[in-house]
Structure formats: C-alpha cells, structure tokens
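The structure appears below as structure tokens.
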Amino acid sequence: MGRGAVRVGELAAGSPYVANTLDAYLRAGRSPAHEPLTTSLAHFDCVTLVESCLGVARLAGGNGKPTWDRFGREIERMRYRGGERRGYGSRLHYFSEWISDGERRGLVRDLGAELGGAEDARPLRFMTEHRATYRALADDKVFREIGAIELGLDGHPRRVIPTKRIPEMVNRIETGDVLGFATEIPGLDVTHTAFAYRDRDGILRVLHAPLSGGVVEVTRTTLPEYVAAIRRSTGILVGRPLR
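Numbering (numbering that gives the first Met the number 0), first residue to last: 0 to 242.
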C-alpha cells in the first residue's frame, strides 16, 4: 500500500503547497459544528498529501470503479476519529492520534515499538494553550471538546525513534511508510508529516509537501540528515499503511 501511495506522490511532484485548506470554511464564517469534507489532488499541505496519496492508492488497489465519491470516503475514514466526520472536533488534529486511531481500525501499523522508539508521555495541550491561533476554538463548545480530547490522549504515549538512532533504522523503514516528525515544542507531538522514499540507489529520503519549498518534492538529503536539520526535532513516528 505504501509503495502505491508513493507512486501517486511521484505524480504529484511539483504540485503547490497550500496551507490550512481544511479550515477555509471557518475563514468564510461557517460553523465548526458542520465541517465539510475538503479534498484536492491539485494542491496539498503535508498531511493532505499523505491522505490523498493513500486514498488514491487504496482506490487503485481495490474493487470497483474509482470515483470522486469513493475517494472522499477514503479521505474521511483516515482524517476523522473512528472514520466519522462530526464537526471540527472529530478531525484527528494531533498526528500521533492519526496513527493510533488508524491502527485501531486497521489502516496503519505503528512501528514505534518495534523500531525501538522512546516513550514520549508529555501531555498534548498545544491547541488549547494556543486558543487564539485556532479560529474554531473561539467557540466555547469546540474549545471544551478539544480540551477533552487532549486529556483523553494523556494515557497514550507516543513511541518516537530518536534522531540519533534513525541511521540504525533506515534498512527497516520502507518506501511508503508514513513519517511524523516529532518535536520538543511543549504540548505538541509532530510538526510535519511525509512519506519515506527509497530512491533508485537505495538511499532513504523524504517525499513531502514542504512549506519552505512550496511544492511536493523528494528531498536531496537523506532521511537521517533531514531530521537532524529540523530545529527542535526529537525524532520520528513511523506508521506502515495497510489496506
């Protein structure tokens, strides 16, 4: 599944990075209680690139004719807790929960433990502690909902492969594995997401939609080099996509 997703990502190379597309309805003054399903294959942010490539790959590898409606259903079951879209709060805002929720539903396998990941049990409070940054949190009900979700994640520590150990793990990470770049920023789990990408020479790189570069690309640096250069990075989360 991961390899198929990366093939889609290769076709998306050069597509523009566009930030915060999932929140466009909020900027238009609509209610966070009724979040629409936003999809695009023309532009991406780092998370929507991962979701879109996996969605297309699952359609291509499944039964039946690929349609835009079926693509939307694939996106919805990855993006929302339990696969059900019930407003802004049902979106998997913390990427570590995107992995853990997907693992519970057979969409992805968390490789943190088997790759020797270190436990990160810091509480996730970034959204509620930066309320003014998130337009939807101006709604008191949504603010309380996100706060309850954060509290519920307290008993589920992340397994982070430390930056210094990534060179030892490159042969166990496959093309198409989903990467979350972990951070030491208080209250936050991940600052960026991507696919692992092994080039024709067998070198492990990163396929992603970077804010800095502006377009979908494969990094020139190796995965270990890329992570080491990220300010305040602590390592990576790794999830292997399943059908």
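Beta carbons: idealized from backbone N, C-alpha and C, even for Gly. Keep in mind it's a predicted model, so treat the numbers as computed, not measured.
For R158, three-class secondary structure by DSSP = As a first step, residue 158 must be located in the sequence shown, where it is residue number 159. Looking at R158 - three-state DSSP - the assignment turns out to be strand.
task = Rank R242, G212, L241 by C-alpha distance to the C-alpha of Y16 and give the top, closest one.
result = The residue you call residue 16 lines up with position 17 of the sequence shown. Checking every option, the nearest Cα to that of Y16 belongs to G212.
Span separating the alpha-carbon of D100 from that of R90 = Sequence index remark: in the sequence shown, residue 100 carries index 101 (1-based). Sequence index remark: in the sequence shown, residue 90 carries index 91 (1-based). C-alpha separation (whole angstroms): 11 Å.
request  = Could you check if D176 is buried or exposed, using at least 16 other CB atoms within 10 Å of its CB as the buried criterion?
outcome  = Position 177 of the sequence shown holds residue 176. Classification of D176: buried, given that the 10 Å Cβ count is 16 or more.
message = According to DSSP, W232 sits in a beta bridge with which residue or residues?
response = As a first step, residue 232 is located in the sequence shown; it is residue number 233 there, counting from the start. One detail in the question is off: residue 232 reads as Ser in this sequence, not Trp. Paired residues: T182.
Backbone CA spacing between A228 and G8 [nearest angstrom] = One-based indexing of the sequence shown puts residue 228 at position 229. One-based indexing of the sequence shown puts residue 8 at position 9. The straight-line gap from Cα to Cα measures roughly 23 Å.
task = Just the C-alpha distance for E144 and A112, rounded to the nearest angstrom, thanks.
result = As a position in the sequence shown, residue 144 is number 145, starting the count at 1. As a position in the sequence shown, residue 112 is number 113, starting the count at 1. Computed Cα separation, rounded: 30 Å.
message = Nearest by alpha-carbon distance to A117: which of V5, Y225, V107, P161 is it?
response = Taking the sequence shown and counting its residues from 1, one reaches residue 117 at position 118. The shortest Cα separation from A117 among V5, Y225, V107, P161 belongs to P161.
message = Between the region 184-197 and the region 134-141, can you find at least three pairs of beta-carbon atoms closer than 8 Å?
response = no
request  = Could you tell me which of T221, I172, E149 sits nearest to E128, measuring between CA atoms?
outcome  = Translated into positions along the sequence shown, residue 128 becomes position 129. Closest by alpha carbon: E149.
key: Cutoff 6 Å; reference G179; Cβ partners in own chain excluding five residues on either side   = To locate residue 179, count along the sequence shown from 1; it is residue 180. The answer, listed in chain order, is F94, V189, T192, L236.
task = List the DSSP bridge partners of G7.
result = In the sequence shown, residue 7 corresponds to position 8, counting from 1. A quick correction: the sequence has Val, not Gly, at residue 7. Looking at the DSSP assignment, V7 forms no beta bridge with any residue, so it has no partner.
Distance CB(G28)-CB(R239) smaller than 8 Å = Looking up residue 28 in the sequence shown gives position 29. Looking up residue 239 in the sequence shown gives position 240. Going by C-beta atoms, G28 is not nearer than 8 Å to R239.
P166 in three-state terms, based on DSSP = Working through the sequence shown from its first residue, we reach residue 166 at position 167. Three-state DSSP puts P166 in a helix.
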